[in-house]
Amino acid sequence: MGKYDAMWKDLGLDLDAHDGLLRALGQGYSDVYLSQRGRPDGMKYFDHVVSEIHGRRIQELLERKSRGDPIIGTFCLYVPEEIILAAGGVSVGLCAGAEIGTAQAERVLPRNTCALIKSFVGFKLAKLCPYFEACDLVIGETTCDGKKKAYEIFGEFQDLFVIEVPHTKTGESRALWRSEIDRLAGKVEALSGREVSADSLREAVRIVNAKRRALHRLNATRRANPAPISGRDALLINQIQFYDDPARFTEKLNILCDEIEARAARGEGVEPADAPRILISGCPMAAPNWKVPAIVEKSGAVIVGEESCVGERGTRNLVDEGGCTCDEILDRIADRYIEIDCACFTPNAERIEHILEMARAYEADGVIEYIIQFCTPYAMESYGIERALARAGMPMLKIETDYSAEDAAQLTTRVQAFLEVLRSPQRA
Amino acid sequence: MRAAGLDIGSRTIELVVIDESNRVVSSAQGETTPDVIDDARRLLASSPFDRLVVTGYGRALAEVAFDAPTVTEILAYARGAHAVCPGCRTVLDIGGQDTKAIALDGSGRPLRFAMNDRCAAGAGRFLEMMAAALRYEIGAFGSASLEGRDGVAISSMCAVFAESEVIGLMTRGHDRRDIARAVHRAIATRTAGMLARVSTEPPIVFAGGAALNPGLRRLIEEAIGQPLIVPEMPQMVGALGAALIAAERAHAVGIRPRADPDGSSPPPLGDVRP
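Protein sequence lines, in the order shown, are assigned to chains A and B. Everything in the first sequence is counted per the working numbering, starting at 576 for the first residue and increasing by one. Everything in the second sequence is counted per the working numbering, starting at 247 for the first residue and increasing by one.
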């Protein structure tokens, strides 16, 4: 019996299949992460978190649960972590980045559904995610049509509460969103039996803002050339921030930032200074979806930014730390979250602005627009993005793929050809 | 100094060797079997050279086996097309499992490109399967389509579905030349769409094995309203590009197979000084 087998069994996991999943995860991690050269020492903490992803962290969650703190799962940036923390809960961003339980998921979902949705339904139906099983409640949200309708099915298997995310940023939409924030706070209070107060909210805002500031600090180091940290490691940190303890995560990330800031100051990088610098834009890359970043960086480029839900889209803005009453703080939380530039909004011109801004700030040589197959909102937006980038003279490669490995060779050719285009000097 | 380019494709492998003045001194082609490295080694032994660059879908294997630098097909085809048609601005390559459209600047530098996604829809393998379903030799398939009339349509680009469609049309008594035309028309429409997204600026070089198909060439020309320039040996363009890149790169060493000049026939590509 393994160290955590009893815990996983209690949670109702399918132990054999789960062992297989952990083995595959270990192999993938070793191939994509541990094989990198010149990694910062500070990544050891994050390696450790990954090695205990279904072990120690789940134990911690169950300890909190036994003390009466609700474990609340989320799938999307629009669910304010602050409100969960303020009610004494633990917020866990569920990942859905692996091709798991596809056969089970396809029994209830159409086949032409995006890999992320299939994955979260698959994880649940195949009983392979201890986070799902540890959750007292999962909060869904009405972002894309696929998720919205999948929650109706998912809710048959898991306690679920869906909040309405409007799809425009008009005054009326903001009012609706503000009322959804209240409804969420009420739900979380009822679950935990603790009040969401001005004091607890203020503290939660402070904790989550500190985490975002540490991520801003990480991103700032990546402006250096050569880049002092790989895009793969930066992505991993962005993935881990969804489920690690926020205060501990912030502390460890700041320690890593001390190290890589010093590296950058010495002019040290993970790749030579002439390596093409790539900005990734588009759909979320949930753990352990490292397929495209691994192909890009193994081809000799370095990823310097993620315009992504698992990246700057999710962490760009802070919550204004003003406000005295509970309502005033909730106003500020609502304002912060509705500014997120998800493709489910229309119009969504600010996303194009953000991509251009990031390409400039990180001195990117090219943009890889990453679309999960069947993700209509992002796939549609890439038309306008391609045009805007062309006008700005910024080369772009659009990649539309899913979680399977079958197209790895073709993707490698396209990525390498894109890098050749970026590298090839102008001939007279 | 002789430079070699090896293009390991999904269906065939090509080798082109050039001399100091970029003249082709030998070219050879073989089938791709499951033992790709062995196929490549045999081809490489056919002609002596000093430098090697490998391209094509099997390049990563060859990189390890022969310690040779690699470039992608995009760069190789761009370079090769510029050599056979100086000043060309667009390259269309339809190989065994890939279709590529590349926009070039006037000096042979790729600016943009597009490739088909994961499946071989509309590429050479698709043509082969449709020819087999209609009982044509692949070499006669294109001419048959030129004899066919419009009026029948194939809507699917999936080889499995398209084969069902073809069989369905045959059982309804359609002339197989008309069906052949429909197959070619479907690929041409799809290819023209890819070109429209990347570039249709002339001169346009049509390379890859499918460029030998006169029916496909005619229908793509109709669809884009531009003539296509087909080099004498369109399948060799990638290997030629790789050889030219090898000649330009001092570090492109790779293996030096045993010198074995067999006096093979002079290259049909002619003078390709860039």
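All residues carry an ideal CB built from backbone N, CA and C; glycine is no exception.
What number of angstroms, rounded off, separates the C-alpha of residue i from the C-alpha of residue j?
i, j, result
"Asp910 of chain A", "Gly761 of chain A", "18 Å"
"Gly255 of chain B", "Cys832 of chain A", "46 Å"
"Val625 of chain A", "Asp285 of chain B", "43 Å"
"Glu447 of chain B", "Lys346 of chain B", "15 Å"
"Asp808 of chain A", "Gly304 of chain B", "30 Å"
"Ala795 of chain A", "Arg852 of chain A", "15 Å"
"Thr279 of chain B", "Leu261 of chain B", "16 Å"
"His430 of chain B", "Leu703 of chain A", "48 Å"
"Leu793 of chain A", "Glu846 of chain A", "17 Å"
"Ala493 of chain B", "Val996 of chain A", "19 Å"
"Thr900 of chain A", "Leu810 of chain A", "36 Å"
"Ala335 of chain B", "Leu321 of chain B", "Looking at the sequence shown, residue 335 of chain B is not Ala but Arg. Rounded to whole angstroms, Arg335 of chain B to Leu321 of chain B spans 14 Å at the Cα level."
"Ile943 of chain A", "Val337 of chain B", "23 Å"
"Leu712 of chain A", "Gly595 of chain A", "27 Å"
"Ala274 of chain B", "Phe295 of chain B", "14 Å"
"Lys578 of chain A", "Ile433 of chain B", "57 Å"
"Met479 of chain B", "Gly455 of chain B", "9 Å"
"Asn813 of chain A", "Lys722 of chain A", "22 Å"
Taking the alpha-carbon of residue i as reference, which of the options has the nearest alpha-carbon?
i, options, result
"Val771 of chain A", "A:Asp895, A:Ala599, A:Ile658 and A:Arg962", "A:Ile658"
"His420 of chain B", "B:Thr437, B:Ile433 and B:Arg395", "B:Arg395"
"Thr1006 of chain A", "A:Glu656, A:Ile647, A:Gly617 and A:Thr717", "Since the first residue shown for chain A is 576 and the last is 1003, residue 1006 of chain A is missing from the structure and cannot be characterised."
"Ala438 of chain B", "B:Ala456, B:Ala250, B:Ile466 and B:Pro315", "B:Ile466"
"Tyr726 of chain A", "A:Thr649, A:Glu635 and A:Asp589", "A:Thr649"
"Ala457 of chain B", "B:Gly388, B:Ala493 and B:Glu468", "B:Gly388"
"Arg257 of chain B", "B:Gly341, B:Glu409 and B:Val483", "B:Gly341"
"Ala377 of chain B", "B:Asn362, B:Val398, B:Leu350 and B:Glu409", "B:Glu409"
"Pro243 of chain B", "B:Leu252, B:Cys404 and B:Glu393", "The question about residue 243 of chain B has no answer, for chain B in this structure spans 247 to 520."
"Ala673 of chain A", "A:Arg632, A:Val737 and A:Phe698", "A:Phe698"
"Phe452 of chain B", "B:Arg443, B:Gly484, B:Arg427 and B:Ala432", "B:Gly484"
"Leu636 of chain A", "A:Leu735, A:Asn813 and A:Cys710", "A:Cys710"
"Arg907 of chain A", "A:Pro741, A:Lys744, A:Leu893 and A:Ile782", "A:Leu893"
"Asp940 of chain A", "A:Ser754, A:Ala992, A:Met969 and A:Ile812", "A:Met969"
"Val282 of chain B", "B:Asp265, B:Ser272, B:Gly414 and B:Val300", "B:Val300"
"Gly663 of chain A", "A:Cys651, A:Leu652 and A:Pro645", "A:Pro645"
Say whether chain B places a C-beta atom closer than 8 Å to the C-beta of residue i.
i, result
"Tyr579 of chain A", "no"
"Glu956 of chain A", "no"
"Thr743 of chain A", "no"
"Thr988 of chain A", "yes"
"Glu944 of chain A", "no"
"Ser999 of chain A", "yes"
"Glu995 of chain A", "yes"
"Glu674 of chain A", "no"
"Arg1002 of chain A", "A caution first: Arg1002 of chain A carries a pLDDT of 38, below 50, which makes its placement in the model too unreliable to give a value."
"Ala992 of chain A", "yes"
"Glu872 of chain A", "no"
"Ala939 of chain A", "no"
"Glu975 of chain A", "yes"
"Ala822 of chain A", "no"
Using a 10 Å radius around the Cβ and a threshold of 16 neighbouring Cβ atoms, would you call residue i buried or exposed?
i, result
"Lys619 of chain A", "exposed"
"Phe312 of chain B", "buried"
"Leu609 of chain A", "exposed"
"Ala308 of chain B", "buried"
"Tyr958 of chain A", "exposed"
"Gly601 of chain A", "exposed"
"Phe729 of chain A", "buried"
"Ile960 of chain A", "buried"
"Ala386 of chain B", "exposed"
"Asn362 of chain B", "buried"
"Ile470 of chain B", "buried"
Using a beta-carbon distance below 8 Å, is residue i in contact with chain A?
i, result
"Asp363 of chain B", "yes"
"Val429 of chain B", "no"
"Pro356 of chain B", "yes"
"Glu319 of chain B", "yes"
"Phe407 of chain B", "no"
"Tyr303 of chain B", "yes"
"Phe359 of chain B", "yes"
Could you tell me whether any non-hydrogen atom of the ligand COA is closer than 7 Å to the CB of residue i?
i, result
"Lys722 of chain A", "With respect to small molecules bound, the structure shown includes none, and the ligand COA cannot be examined in it."
Under 8 Å by Cβ, that's how I've got residue i and residue j pegged, so tell me the actual separation to the nearest angstrom.
i, j, result
"Glu739 of chain A", "Thr717 of chain A", "5 Å"
"Gln948 of chain A", "Thr988 of chain A", "The Cβ separation is near 18 Å, so there is no contact."
"Cys331 of chain B", "Pro473 of chain B", "Cys331 of chain B to Pro473 of chain B, Cβ: 12 Å. No contact."
"Leu994 of chain A", "Gly875 of chain A", "6 Å"
Between residue i and chain E, is the shortest Cβ-Cβ distance under 8 Å, so that the two count as touching?
i, result
"Ala984 of chain A", "Checking the listed chains, one finds no chain E in this structure; the protein chains it contains are A and B."
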